[in-house]
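Student: Sharing a structure below in structure tokens format, with a few things to ask.
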DNA sequence: AAACTGACTAATA
DNA sequence: CTATTAGCCAGTT
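In our numbering, the protein residues as written are 1 to 104.
Here it is, written out as structure tokens:
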């Protein structure tokens, strides 16, 4: 993907702005990017991410404070690993405290 | 051009 | 707690 999709560009911009040790929900990113209600589009944007540019995609979780399942089952563990390394704590059910870690 | 497919969410039952 | 419904949009077939 490239600049053709201005939507994606703005979404990535917001994701890149999430500070370490914090997380944001898809809906939150969409809203901050200027697309309220387009939470799904945020997920699609990340799914289309090649890996070229630096992007902390792991800091984006769903509204339940959980890592959304995707094609690769192992990537879920990778994501939680990255977040734990930043100080995020998951409970026994694999859920994190949004009230505490959510990026305002 | 039409149909399918997904890293989502909030509301309702 | 699970299931269903409806909004949303871009890339692929």
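Just so you know, even glycine gets a beta-carbon here, dropped at the ideal spot from N, CA and C. Bear in mind that the values here come from a model prediction, so they are computed numbers and not experimental data.
With DSSP collapsed to three states, give me the class of residue 95.
Tutor: Against the first chain, residue 95 aligns to sequence position 95. Three-state result, residue 95: coil.
Student: Among 27, 23, 32, which one has its Cα closest to the Cα of residue 13?
Tutor: Sequence index remark: in the first chain, residue 13 carries index 13 (1-based). Nearest of 27, 23, 32 to residue 13, Cα basis: 32.
Student: Tell me which residues share the same chain as residue 84 and place their Cβ nearer than 8 Å to its Cβ, disregarding the 5 neighbours each side in the sequence.
Tutor: The residue given as residue 84 occupies position 84 in the first chain. 90, listed in sequence order.
Student: Return the Cβ separation of residue 23 and residue 96 in integer angstroms, given the expectation that the two are a contact with Cβ distance under 8 Å.
Tutor: Start at 1 with the first residue of the first chain, and residue 23 comes out as number 23. Start at 1 with the first residue of the first chain, and residue 96 comes out as number 96. That belief holds up - the Cβ atoms of residue 23 and residue 96 are roughly 7 Å apart, short of 8 Å.
Student: Residue 24 bridges to which residues according to DSSP?
Tutor: Working through the first chain from its first residue, we reach residue 24 at position 24. Paired residue(s): 60.
Student: Taking only the alpha-carbon atoms, compute the straight-line gap between residue 88 and residue 20 and give it to the nearest angstrom.
Tutor: Translated into the one-based positions of the first chain, residue 88 becomes position 88. Translated into the one-based positions of the first chain, residue 20 becomes position 20. Residue 88 and residue 20 have their alpha carbons spaced roughly 9 Å apart.
Student: By Cβ distance, which residues of its chain are closer than 7 Å to residue 27, with the 5 residues on each side in sequence left out?
Tutor: Here residue 27 refers to the residue found at position 27 of the first chain. Answer for residue 27: 39, 63, listed in chain order.
Student: Near residue 6, what residues of its chain come up, given a Cβ to Cβ distance below 8 Å and the 5 sequence neighbours on each side ignored?
Tutor: If you number the first chain from 1, residue 6 lands on position 6. Closer than 8 Å at Cβ, skipping near neighbours: no residue.
Student: Pull up the distance between the alpha-carbon of residue 17 and that of residue 72, whole angstroms please.
Tutor: Within the first chain, the letter at position 17 stands for residue 17. Within the first chain, the letter at position 72 stands for residue 72. One C-alpha to the other measures close to 26 Å.
Student: Measuring CB to CB, does residue 42 end up less than 8 Å from residue 30?
Tutor: Counting from 1 along the first chain, the entry for residue 42 is found at position 42. Counting from 1 along the first chain, the entry for residue 30 is found at position 30. Cβ atoms of residue 42 and residue 30: closer than 8 Å.
Student: What is the DSSP secondary structure of residue 42, counted as helix, strand or coil?
Tutor: Residue 42 sits at position 42 when you count from the first residue of the first chain. Residue state, collapsed to three classes: helix.
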